[in-house]
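> I am attaching a structure below and will ask some questions about it afterwards.
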Amino acid sequence: MSQINFTFLISLSIILITYLFKKVSIIDQTDGNTLVKIVMNITLPSLIITVFSNIDLSVNLIFLPLICILYGLISWLLARKIFIKLPRYNKGSLVISLLGFNIGLFAYPFVENIWGTQGLQYIAFFDMGNAVIIFGLTYIVASFYNEQKAEYSIKTIFKKLIRFIPLMSYFLALILSLTNINISNTIIYSILEKFATINGPLVLMILGLYLDFSLERSEIKGIFRVISFKYIFGLLIGISLYYILPFEKLYRAVILISLIMPTGMAVIPYSLENNLNLKLSASIVNLTNIMSFTLLWVVFNFLSI
Numbered sequence: 001m002s003q004i005n006f007t008f009l010i011s012l013s014i015i016l017i018t019y020l021f022k023k024v025s026i027i028d029q030t031d032g033n034t035l036v037k038i039v040m041n042i043t044l045p046s047l048i049i050t051v052f053s054n055i056d057l058s059v060n061l062i063f064l065p066l067i068c069i070l071y072g073l074i075s076w077l078l079a080r081k082i083f084i085k086l087p088r089y090n091k092g093s094l095v096i097s098l099l100g101f102n103i104g105l106f107a108y109p110f111v112e113n114i115w116g117t118q119g120l121q122y123i124a125f126f127d128m129g130n131a132v133i134i135f136g137l138t139y140i141v142a143s144f145y146n147e148q149k150a151e152y153s154i155k156t157i158f159k160k161l162i163r164f165i166p167l168m169s170y171f172l173a174l175i176l177s178l179t180n181i182n183i184s185n186t187i188i189y190s191i192l193e194k195f196a197t198i199n200g201p202l203v204l205m206i207l208g209l210y211l212d213f214s215l216e217r218s219e220i221k222g223i224f225r226v227i228s229f230k231y232i233f234g235l236l237i238g239i240s241l242y243y244i245l246p247f248e249k250l251y252r253a254v255i256l257i258s259l260i261m262p263t264g265m266a267v268i269p270y271s272l273e274n275n276l277n278l279k280l281s282a283s284i285v286n287l288t289n290i291m292s293f294t295l296l297w298v299v300f301n302f303l304s305i
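Just so we're aligned: 202 in this note's numbering is position 202 of the sequence shown, and the numbers increase by one with no gaps anywhere.
In structure tokens:
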């Protein structure tokens with residue numbers, strides 16, 4: 001069995017075991033909420049700092065977040081046209097579900113186990129652009145579709161960004177790298193390494209806890225349109241860039257898989273906060289988790305890096 005298939009089978013086993021524990025009420029989704037806080041505030045930042053602190057910076061890396069931001073803007077413009085005739089609260093949920101990706105709570109374990117540190121470095125740079133889309137553009141768009149016309153400001157968005165610990169971890173790690181400060185032989189680094197090693201299993205457990213096979217039948221048409229656009233457009237752009245960009249194979253491969261990641265989990269609280277269709281948003285998040293896992297397995301095998 002190849003390393004790729006072995007990695008995905010182990011990952012699938014952890015997800016399904018956690019899902020089974022949830023079904024028999026040993027654990028529940030509130031435990032998932034706690035795990036999300038642990039990952040986003042402790043283990044993922046630890047992983048980012050340990051991976052980034054020794055990175056060799058190059059000009060090519062800046063294209064990764066820029067590609068993500070540009071892709072998000074184009075998706076927003078197209079989504080506005082696709083769902084223009086729908087009721088406002090439905091349209092808002094569908095549009096924001098196409099803006100940004102769930103990378104930190106989905107892709108990292110697979111990339112780390114299959115493509116190693118360099119793959120993690122590339123996808124982490126892509127995720128920097130994703131944070132701007134999720135906490136900037138997506139937040140603004142969700143507020144726009146609020147029928148009560150919720151106010152938003154640059155100050156509010158800036159606060160959300162600086163309170164997002166993983167993004168601040170990127171900046172801290174980049175500062176360490178730019179200033180040639182080596183922390184790899186320190187106690188702090190050793191502690192961060194310990195936290196980083198448990199990030200992958202925790203992320204997979206979160207996926208199992210949030211796994212849900214139920215769909216709202218009344219929303220199937222809208223969900224189908226989102227899914228079709230998300231993966232057809234993502235694959236079209238991803239494959240095109242894979243064959244067009246003049247960078248190394250792993251760099252291009254990371255862009256390809258990043259563009260087929262599931263919908264970001266932030267759309268759920270955004271939908272709740274702005275009186276959008278919460279059930280629709282939750283259904284899209286769950287379904288894209290399942291579809292992206294399957295598609296990712298296929299693409300990793302196809303790329304064979």
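Ideal Cβ positions, reconstructed from N, Cα and C, are used throughout, including at glycine. Computed from a predicted model, the values in this text were never measured in an experiment.
Specify whether the stretch 198-210 and the stretch 73-91 touch according to this definition: at least 3 beta carbon pairs, one from each stretch, less than 8 Å apart.
No contact exists between the stretch 198-210 and the stretch 73-91.
> Hey, could you find the ends of the alpha helix (DSSP H) V24 is sitting in?
Segment: none, V24 is in no alpha helix (DSSP H) and carries neither H nor E.
> So what does DSSP say about F52, is it helix, strand or coil?
Here F52 sits in helix by DSSP.
> Counting pairs of beta carbons, one from the stretch 284-291 and one from the stretch 156-167, are three or more of them closer than 8 Å?
Counting Cβ pairs under 8 Å, fewer than three are found: no touch.
> From S177 to F171, what distance separates their C-alpha atoms?
Cα to Cα, the separation comes out at about 10 Å.
> In the DSSP assignment, find the alpha helix (DSSP H) that holds L256 and state where it starts and stops.
Where L256 is concerned, the enclosing alpha helix (DSSP H) stretches over K249 to S258.
> Between the stretch 119-130 and the stretch 101-109, do three or more beta carbon pairs fall short of 8 Å?
Result yes; three or more Cβ-Cβ pairs closer than 8 Å.
> Using CA coordinates, which residue listed in L20, A142 and L167 is at the minimum distance from S97?
Looking at the Cα atoms, A142 is the closest of the given residues.
> Please name the residue in G119, I134 and I257 whose C-alpha comes closest to that of I55.
For I55, the nearest C-alpha among the options comes from G119.
> Could you tell me which uninterrupted alpha helix (DSSP H) segments, each at least 4 residues in length, are contained entirely in the stretch 126-159, listed from first to last along the chain?
As far as the stretch 126-159 is concerned, its whole alpha helix (DSSP H) runs of at least 4 residues are 138-144.
> Out of N275, L202 and K230, state which residue places its alpha-carbon closest to the alpha-carbon of N33.
Closest option to N33, Cα to Cα, is L202.
> Look up A196 in the DSSP assignment and say whether it is helix, strand or coil.
Here A196 sits in helix by DSSP.
> Between F21, K23 and I49, which has its C-alpha nearest N199's C-alpha?
Cα-wise, what sits closest to N199 is I49.
> Pull up the distance between the alpha-carbon of S258 and that of L47, whole angstroms please.
Cα to Cα, S258 sits roughly 18 Å from L47.
> Ordered along the chain, which non-local residues of its own chain (more than five positions away) have a Cβ less than 8 Å from that of V254?
L64, V111, W115, G119, Y122, I123 and F126, listed in sequence order.
> Could you check the C-alpha separation between K194 and F52 for me, to the nearest Å?
C-alpha separation (whole angstroms): 16 Å.
> Using 10 angstroms around the beta-carbon of S228, count the other beta-carbons present and answer buried if the total reaches 16, otherwise exposed.
S228 comes out exposed.
> Would you kindly report the start and end of the unbroken alpha helix (DSSP H) that includes G264?
Segment: none, G264 is in no alpha helix (DSSP H) and carries neither H nor E.
> Run the CB neighbour count on Y242, radius 10 Å, all protein chains shown included, and call it buried at 16 or more, exposed below.
It counts as buried.
> Between the Cα of P262 and the Cα atoms of Y231, L137, K85 and P87, which residue gives the shortest distance?
The candidate whose alpha carbon is nearest that of P262 is Y231.
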